Amino acid sequence: MLRHLSEILKDNFGISEEDISEVQKIKKEKGGAFGEILIRKNLITEAQLLEALSIQYDIPFQPELRLDNFKSDFTRHVPIQFLKKYTMVPLERSNHTPDSENRLDQQDHPNTKEDFHAPDCIIAINNPASFQPLDDLIRILGLEDFKVVLSTKNAILSVINISYDLSQDSAEQLVQDMEENSATIISEIEDRADLLDDTSDAPIIKLVNHIISQSVKARSSDIHIEPYQDSFKVRYRVDGILYDLLTPPKWIQPALISRIKVMAKMNIAEKRLPQDGRLDVKIGDQEIDVRISTIPTSFGERVVMRLLNKSGSFLRLPDIGLEPERLDLLKNLVKSPNGIILITGPTGSGKTTTLYAILSSINKPEINIITIEDPVEYRLKGISQIQVNPKIGLTFARGLRSIVRQDPDIILIGEIRDKETAEIAVQSALTGHLVFSTLHTNDSASAITRLVDIGIEPFLISSSVIAVAAQRLVRVLCSHCKKPYTPDGMALKSAGITPDHVKNTTIYRASGCEKCFNTGYRGRIGIFEIMVLSGKLKKLILKTYDSNLIKKEALNYNMITLRQDGIQKVLKGISTIEEVLRVTQK
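For the sequence shown, position 438 matches number 438 in this note's numbering, and the numbering has no gaps at all.
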């Protein structure tokens, strides 16, 4: 006879009689599962509930589902919605052929299928009381000898998503199917809960979903759709480098672009003007914010899709790549009561990530932080963030005027683009606010030249700006395949490395393996050049705003340049000489 769940919880997890009575009362009045109410009230965790159910039903509890020798053949016979609805998944399989009548989706799948009859076949379930769906799954797959285990919802859903992602047709196969059918279907849909749930038969919808899901899987930051005279390319950017993903036939181009514009709720009839749009997609447990930009070219519309993974955790200040000495320097700078700290670099150099890491490090209940950004890329808890909207007149300058009346301690301006914004930033810094912002310049010294070029007087710059940090992102060597080597004299000389530097140091080069998609690199890290405006530098700025003279003076104060910081990463085995030279070329 089964022990009651409440008894097990009292005996094994110390749940009080009062709590159980309260939960039973809620269940009676509002409905819901007993265990779920306990979790919702933070009386137990999901893992503890599953441990209790494991005791009650005598089913092993397996918090992590191993994918060794994992096969996803079952995806051809069981719809993803069925497994997600009942939160269950088969893990291993062998070979037999059950009757074709045992299927949930007779019309969608072929008549032959492989049997999962195997002593080591495991079915992971989340609710042991779901007898009927479990029986249906056993019948569909023709299982005779199997083992049932309990596991968490996240673990099961992760396996389901991985399985159906791996089993999707390749992009090339989807394009081939479209060529054979020569038919495209464009239909407007609302934001979908999960791209992998999309079971639409329209080849163009499958192709767009596949392009996005594969790009996310490859850790891509951007997808480019580029039209040419007789062809068009789909490329994606991984760790700052563009790679070819697909080259479909030219006739697919209008349908593919129209589908993306429909998803982003853009005007598909307007092909002569640039447009911007966005959409949210969910791929497994990852939430992706997709920013879409189109421009007209001679051979059709060009589309760039920027992928922002909102599920990723923010980088902390120690994780962005700063060496200990410069990390301490930056920590001291951000404690300043007022002034402007600028982060400079080209598009895609990680400026926003650095700013968010800084704000996260100083975010406290007693500090009022307000940001104005275009766009707001990530939500920061406890910080007021304003989205620029030029269509209704909410520009950086107009938003800033309102921000300074909101009693802020710290202000973040997404980018200083014009004289008006720069002037308000300077005024805010001179009236007791700490201001963070970004500029598009090549190095830290060029930021001064750029501010003067915008129209800010040199005496205002020297009075308000306290530091400028330039940054770039270099690719990190794949830890699984990097190989040590001895660089030749020419390579060492071009990087400014002396033979003494490499005497007791191992330098690595990129190789390539499956883990890094044969690129030799996996991930990126920042290299930095921090220029603090000392007394002599401020006096120099009053006389000249020549970036070369300013940089020369900063180097006299032991400022470490971008290239020097990059070389330190090379000597530590983090990156390569070629990579550092690529991003710091003058």
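For every residue, glycine included, the Cβ atom is placed at its ideal position computed from N, Cα and C. Nothing here was measured: the structure is a model prediction, and the numbers come from that model.
Name the one or two DSSP bridge partners that residue i has.
i    : result
M305 : I223 and I292
S384 : I370
K147 : I122
Y508 : P484
E287 : K282
N127 : According to DSSP, N127 bridges with nothing at all.
V587 : Nothing can be reported for residue 587, as the shown portion of the chain is limited to 1 through 586.
Anyone know if the C-beta pair for residue i and residue j falls short of 8 Å?
i    : j    : result
I39  : L53  : no
V78  : I122 : no
A495 : M531 : no
S221 : L307 : yes
R291 : R302 : no
A255 : I341 : no
R235 : Y243 : yes
V474 : R522 : no
I225 : S215 : no
I252 : K261 : no
L359 : I383 : yes
R379 : Q385 : yes
F74  : P90  : yes
L137 : K84  : no
Here's the rule: buried if 16 or more other CB atoms are within 10 angstroms of the residue's CB, otherwise exposed. What is residue i?
i    : result
G284 : buried
M490 : exposed
E373 : buried
N95  : Confidence at N95 is low in this model, with a pLDDT of 45, below 50, so the placement of that residue is unreliable and no value is reported for it.
D453 : exposed
N504 : exposed
F459 : exposed
A357 : buried
S437 : buried
F131 : exposed
P274 : exposed
Q585 : exposed
I392 : exposed
E579 : buried
H480 : exposed
D418 : exposed
T199 : Because the pLDDT of T199 is 48, which lies under 50, any placement of that residue in the model is unreliable, and the number read from its coordinates should be weighed accordingly. T199 comes out exposed.
K153 : exposed
P390 : exposed
G31  : exposed
S16  : exposed
What are the start and end residues of the beta strand (DSSP E) that includes residue i?
i    : result
V570 : V570 -> not in any beta strand (DSSP E); alpha helix (DSSP H) instead, spanning L562 to L571.
F436 : L434 to L439
I241 : I241 to L246
G496 : Run containing G496: none; DSSP gives neither H nor E here.
V89  : M88 to P90
L412 : I410 to I413
Where do the N-terminal and C-terminal ends of the alpha helix (DSSP H) with residue i fall, by residue?
i    : result
R522 : Where R522 is concerned, there is no enclosing alpha helix (DSSP H), although the beta strand (DSSP E) it sits in stretches over Y521 to V532.
S428 : K419 to L430
V238 : V238 -> not in any alpha helix (DSSP H); beta strand (DSSP E) instead, spanning F232 to V238.
L581 : I577 to V583
M263 : Q253 to M263
I448 : S446 to I454
T352 : K351 to I362
I211 : P203 to K217
D136 : F131 to L141
L333 : P324 to L333
Assign residue i to one of three DSSP states: helix, strand, or coil.
i    : result
D73  : helix
R475 : strand
G14  : coil
Q275 : strand
F517 : coil
L394 : strand
D280 : strand
V23  : helix
G399 : helix
P346 : coil
K538 : helix
I44  : coil
P484 : strand
T544 : coil
I574 : coil
S100 : At S100, the pLDDT of 39 sits below 50, so the modelled position is not reliable; the number obtained from the coordinates is stated separately. Coil, per DSSP.
P63  : coil
G35  : helix
G489 : helix
Could you check whether the Cβ of residue i sits closer than 8 Å to any Cβ belonging to chain C?
i  : result
I8 : Within the model displayed, chain C is absent; a lone protein chain is all it includes.
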